[in-house]
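Protein chains in written order, with the numbering used here: chain A, 41 to 273; chain B, 6 to 581.
No residue lacks a Cβ here, since even glycine has one placed at the ideal position from N, Cα and C.
Computed from a prediction, not measured in an experiment: that's the story for all the values here.
Encoded as structure tokens, the structure appears first; notes follow it.
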Amino acid sequence: MKKTLEIFRYNPEKDEKPYFKTYEVEVYEGMTLLDALNHIRWEQDGTLTYRRSCRSAICGSCAMKINGKTYLACKTQMMDIKSDHVKVEPLPGYEVIKDLVVDMDNFFDKLKRVKPYHITHTPPPEKERLQSPEDFHYINEAADCILCGACVSACPSAWADKEYLGPAALLKAYKFCADTRDEGADERLAIVNDRNGVWRCHYTANCMDACPKDIKITDFIARLRNMLVQDKL
Amino acid sequence: MELEKTYHKYDVIIVGAGLAGERAALAAASSNLKTAVITKVYPTRSHSGGAQGGISAAIGNVDPEDSLEAHMWDTVKGSDFLGDQDAIELFVEEAIKTIYEYEHMGVPFSRLPNGKIAQRPFGGHTYRRACYSADKTGHVLLHTLYEQCVKHQVSFYNEFLVLSLMLTDGQASGIVAWDLRNGGLHIFRTKAVLFATGGYGRAYKITSNALSNTGDGLATVLEAGLPVEDLEFVQFHPTGYYRQGILVTEGARGEGGHLLNGEGDRFMKKYAPERMELGPRDLVARSIWTEILEGRGIDGKDYVYLDLTHLGAEKIMERLPQIRDLAISFVGVDPIKDPIPIQPTAHYSMGGIPTNKRGEVIKDAQNTVVPGFYAAGEAACVSIHGANRLGTNSLQEASTFGRIAGNNMTEYARKADFLPVDEKAIKRAEDKVRRLLENDGKTHHYDYKKELQQTMYDKVWIFRNEKDLKEAASIVKGLEEDFMKNVKIDDKGMLFNLDLQEALEVHNLLTFSQIIIAGAINRKESRGAHYRTDYPKRDDKNWTKHTLAWRAEDGSIKFDYKPVVITKYQPTERKY
């Protein structure tokens, strides 16, 4: 079976403006969209540029827009795409560097703003700090995040407000604040308690739809808000 | 063509941002050294994150009878007596410290009802020793170390590709790298360099490795005139998803998964009657491949089943959620209902850049140190794993030796000075890039990679013999010669040139693959992951030694051998 890929192309070194280029690929069982992109790069057009590494949905490199929806190229089976025509675009909401490669620097800079590291003041015990399986569960899902940037890309609040911390950074903040071993919640909550922080989220839940790891990001942002409200009571 | 050059100066430079590189960076940065990490990807995209099942340490939370001696013995036996026992002894001791250090950094470990870190069984380990976080252990360790690096203000150069190592009067003086995003050469001058550039699984067609795992550090070291160690030892992981080769954690067997052949038989009872599916990886991979070769694959094809259905939905969802998700995505199978089709896949590089147990790179069989040059993790060969690594020992090795090498590098850099640049290394780097950008060849770099990977799969795989290996040697040598004359890249631009990057990587693959093959031809015995059908027995008298290999400028390979360090355990027959 053949499928047509219509791929966003833009090389600012030589193109005045972006355009779409069409390629045809023979699809086989098990072929992912990343395999299809590799096939094009390796057999048809070596100038096609995108990010990729692990092929197993854990490194977070290959988030892109596939027939209008944000997903990981490596986790998308070509056979599962209902249409024979596959439109591939870079992650929306980021500046394009070249073809499907976008500038992620701002995404990572925002993460850094929420003190994204374990904070403790009491000296550690000789062995591990204890934590119940239930308390581990409380942070386990948030720890699934692969920092692919799909959530920010899908978020209308992030489109409207470039200063908004965005779902990924807030999820990170949640992961630490909800960790029974962490003692830095006050510092972090003070940062996210801002009109560019948790209060900018309008619960559209687009981020949850976009998340390739199915993390309930909106729920976790709500829990962050609850922590702030409880703080005030 | 003039390539733009930018100069930098840092106290220490680390190449690679997986567990070993980030842990070393943390050691230097937390001692207030000006520290830079250069990485081909973004740090959290490094392939340490692909590790799933666990990280070993004899902390005895589940099996209190576990001990340092037991962990050491399992590792020595697993290595088929090629591991250096002084390094292994240090490793198992420091492993415990590493686990508590990670826990104190906030790693979310799965827990026991009493609140302690949970531990699961793993192949070749006598006790339940694998600390884990569901089935994403490498991922959470990698992200935690990145968070700590952010806290300690490590400078990251993301999407930079190492091109050459600078040595000035035999001492490490820096590296030269390519800025993928903007184009241009970057010369990093430094007092000490650490390579944590990962493994070389991409030499093979079927591999669990990321597309990035092209052994760039190895090729760079060889080009600088330094040796590599034991490259012929490539670990084939028993369970990769059929066709893609993507990893299915050994933790799936640790949790009770069964291997079934086309006759529905739990065939491991023939090969490892005691340990069954939890035999060491070399043995289990060979057993699967034997079943396939003898026509007992599923429907006579080149795969068998990993059956988890009897574990039940609850256990699978709790302990192996990612495995289930990937099985649905990649092979269209829900492991709660149906067995997963799997095949062995090239997974881990036991060999690498030779180091001593301080993480210092050595340059000959007398263990002479290259001052200022360090290596750690899968890129290095200490050697903990010898001829076959045990599962969960790699996350531990990367972490523990990342710290040890990082600490020793820090101590060294405090006393050292910057050296003049190595002009030859700069020219070597410049030539590599220019040759590709200016060459008007006719063969795309992928054609070389495709033939290399097929050759390695056909002739340098789980079962090897002299005839196949010699053919492979001749094919790959020919590929490299042709590559140098006729290679073509489509993209000649400066901006994010992935085509250029991949061509550079293909040359790296061609460079060190010849050493894998030559080392395998020389080693006329079967040990661990290196199995010769024409020499099916281990030969302790002649081959209890490490391979060291150098590459001359004309591409010829020179060998020397280094004795294995044996302290407590004399080689004995290995049974599971």
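Proximity test, Cβ basis, 8 Å: residue i and chain A
| i | result |
| --- | --- |
| B/Val374 | no |
| B/Thr49 | yes |
| B/Ala215 | yes |
| B/Gln401 | no |
| B/Pro349 | no |
| B/Gln240 | no |
| B/Ala139 | yes |
| B/Arg408 | no |
| B/His449 | yes |
| B/Tyr453 | no |
| B/Glu108 | yes |
| B/Arg125 | no |
| B/Gln153 | yes |
Contact set between residue i and chain A, taken where Cβ atoms lie within less than 7 Å
| i | result |
| --- | --- |
| B/His144 | Ile98 |
| B/Gly55 | Cys94, Ser96 and Ile98 |
| B/Gly120 | Leu170, Gln171 and Ser172 |
Reference residue i, options the options, closest by Cα
| i | options | result |
| --- | --- | --- |
| A/Glu227 | A/Asn266, A/Trp199 and A/Pro156 | A/Pro156 |
| B/Ala182 | B/Glu428, B/Gly175 and B/Ile192 | B/Ile192 |
| B/Val438 | B/Ala22, B/Leu190 and B/Ala100 | B/Leu190 |
| B/Tyr12 | B/Glu428, B/Ile522 and B/Pro346 | B/Glu428 |
| B/Val42 | B/Ile341, B/Leu199, B/Thr103 and B/Leu515 | B/Leu199 |
| B/Leu313 | B/Thr295, B/Pro340 and B/Gln57 | B/Pro340 |
| B/Leu170 | B/Arg194, B/Tyr566, B/Lys482 and B/Asp343 | B/Arg194 |
| B/Glu98 | B/Tyr137, B/His76 and B/Phe238 | B/His76 |
Where residue i sits in the DSSP three-state scheme
| i | result |
| --- | --- |
| A/Glu69 | coil |
| A/Leu170 | coil |
| B/Glu471 | helix |
| B/Tyr581 | coil |
| B/Ser518 | helix |
| B/Asn266 | coil |
| B/Arg248 | coil |
| B/Pro48 | helix |
| B/Asn398 | helix |
| A/Cys191 | helix |
| B/Asn393 | coil |
| B/Trp294 | helix |
| B/Lys447 | coil |
| B/Pro326 | helix |
| B/Asn491 | helix |
| B/Cys386 | strand |
| B/Thr212 | strand |
| B/Ile526 | helix |
| B/Gly377 | strand |
Straight-line Cα distance separating residue j from residue i
| i | j | result |
| --- | --- | --- |
| A/Trp239 | A/Leu187 | 22 Å |
| B/Ser413 | B/Arg363 | Reading off the sequence shown, one finds Asn at residue 413 of chain B, where the question assumed Ser. Their Cα atoms are separated by approximately 7 Å. |
| B/Asp91 | B/Glu323 | 38 Å |
| B/Lys493 | B/Gln506 | 13 Å |
| A/Arg52 | A/Met144 | The sequence given here places Pro at residue 52 of chain A; Arg does not occur at that position. About 17 Å. |
| A/Ser172 | B/Asp140 | 18 Å |
| B/Arg468 | B/Pro285 | The question names Arg, yet the displayed sequence has Phe at residue 468 of chain B. Rounded to the nearest angstrom, the two C-alpha atoms are 16 Å apart. |
| A/Lys138 | A/Met104 | 13 Å |
Chain B within 8 Å of residue i, Cβ atoms only
| i | result |
| --- | --- |
| A/Ser172 | yes |
| A/Asp149 | no |
| A/Pro70 | The sequence shown places Gly at residue 70 of chain A, rather than the Pro named in the question. Yes - at least one Cβ of chain B is within 8 Å of the one on A/Gly70. |
| A/Tyr50 | no |
| A/Cys94 | yes |
| A/Thr62 | no |
| A/Phe176 | yes |
| A/Gln117 | yes |
| A/Tyr157 | yes |
| A/Leu73 | no |
| A/Leu229 | no |
Contacts of residue i in chain B (Cβ-Cβ under 8 Å)
| i | result |
| --- | --- |
| A/Cys191 | Simply none; closest approach about 15 Å. |
Closer than 7 Å: residue i CB and nearest the ligand COA heavy atom
| i | result |
| --- | --- |
| B/Glu152 | This structure does not include the ligand COA; it has no bound ligands of any sort. |
Listed by chain order, chain B residues near residue i by CB distance under 7 Å
| i | result |
| --- | --- |
| A/Val154 | Going along chain B, no residue has its Cβ under 7 Å from A/Val154, so there is no contact; the nearest lies around 11 Å. |
Within chain A, the residues that residue i reaches when beta carbons sit closer than 9 Å
| i | result |
| --- | --- |
| B/Val46 | Arg91, Ser93, Cys99 and Ser101 |
| B/Asp504 | Arg81, Gly86, Thr87, Leu88 and Thr89 |
| B/Gly498 | Asn51, Glu53, Lys54, Thr87 and Lys138 |
| B/Ile303 | Those within 9 Å of B/Ile303 in chain A number zero; the least Cβ separation is about 15 Å. |
| B/Arg329 | The premise fails here: B/Arg329 is roughly 12 Å from chain A at the closest Cβ pair, so nothing lies under 9 Å. |
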